[in-house]
Amino acid sequence: MHTPNSPHTVGTSATLSATEITSARLRLRAARDVDRDGFIEIQTDPQVRLHLGGPRPRSVVEQYLDTLGVPRVTDKPGTFVIADRATDHLVGTLLLHRRPADLPGHVIDQGGELELTYVLRREAWGAGLAFEAATAALRAAASELPDQPVLIVTKTANTRSLALAARLGFRPVSTFEAYEAEQTLAMTGLHSFLAG
Ligand SMILES: CC(C)(COP(=O)(O)OP(=O)(O)OC[C@H]1O[C@@H](n2cnc3c(N)ncnc32)[C@H](O)[C@@H]1OP(=O)(O)O)[C@@H](O)C(=O)NCCC(=O)NCCS
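Following the UniProt record's numbering, the numbering of the sequence shown begins with 1 at its first residue and continues without gaps.
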């Protein structure tokens, strides 16, 4: 179930217009001031940040959130807090953005493919929540956008992320070097998520 909030452009520049998406256990929604501690935790946790460049200093994260304002963290379309549907507590974040053409790792010449990224608090791993959030977001996107490639780009050493990508039906198509490590590019078609 999703709620479009504004007209969207059908084409390769668009991401999903929904601002709230619900699934059995989760609500994907905009950020709120109460999410501040959750954002700080996922940005500063060494285990969560292991394959994402390492933990950020708490003071840097706090300054970023205070300067920007927590509710603005999800301003960019396709950016969501993953919240527990019962408690509304932040369990992670999910992004469905366009992969910038100037980054390596593409399946079409001009780049700009849809790209999924996800981060859960450490305590939320191992319960199928990232799979549930990703499926709900991609199903919402599939219902409003034309069929097109969707990418997951993840460090090859990030076995949890690669396992999630495989469970979602993404298949590895190439590897490349970036950030001093091998990255795996995995892809599937958006309309593989259309509700049956
Ligand atoms: C990548 C990440 C989101 C994966 O989280 P995850 O919880 O392992 O992924 P899933 O939601 O698919 O859950 C699968 C696990 O839940 C278990 N599970 C329990 N209940 C389940 C259910 N109802 N449905 C599905 N799986 C369930 C599965 O058996 C599996 O367990 P296992 O890891 O012990 O094999 C998480 O490890 C993370 O946040 N990592 C740090 C951020 C990161 O590196 N992101 C990648 C950037 S692209």
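For each residue, glycine too, the CB sits at the ideal point set by N, CA and C.
query = Near ARG49, what residues of its chain come up, given a Cβ to Cβ distance below 6 Å and the 5 sequence neighbours on each side ignored?
reply = PRO55
ask   = Does DSSP put GLN183 in a helix, in a strand, or in coil?
value = strand
query = Do LEU26 and ASP84 have their C-beta atoms closer together than 8 Å?
reply = yes
request  = Taking 8 Å as the cut-off, decide whether the C-beta atoms of ASP35 and LEU120 are in contact.
outcome  = no
Residues near GLN43 in its chain [Cβ-Cβ closer than 6 Å; skip 5 each side] = ARG56, VAL61
task = Would you decide whether ILE21 is buried or exposed? Buried here means 16 or more other CB atoms lie within 10 Å of its CB.
result = buried
inquiry  = Along the chain, where does the beta strand (DSSP E) containing GLU177 start, and where does it finish?
reply    = 171 to 178
request  = Closer than 6 Å by C-beta to PHE176: which residues in its own chain qualify, once you throw out the five before and the five after it? Chain order, please.
outcome  = PRO104, GLY105, GLN183
inquiry  = ligand 1 and SER161: does any heavy atom of the ligand fall closer than 7 Å to the residue's C-beta?
reply    = yes
task = Grab the span of the alpha helix (DSSP H) containing PHE39 for me, first residue to last.
result = 36 to 44
key: Where ASP88 falls: helix, strand or coil (DSSP)   = coil
task = Thinking residue 267 and ALA14 are a contact (beta carbons under 8 Å), I'd like their distance in whole angstroms, please.
result = Given a span of 1 to 196 for the chain in the structure shown, any question on residue 267 remains unanswerable.
query = Rounded to the nearest angstrom, how far is the Cβ of LEU190 from that of ALA142, given a contact under 8 Å?
reply = 5 Å
message = Here's a check: name, in chain order, each residue in its chain whose Cβ is nearer than 7 Å to the Cβ of ALA101, leaving out the five neighbours to either side.
response = GLN110, GLY111, GLY112
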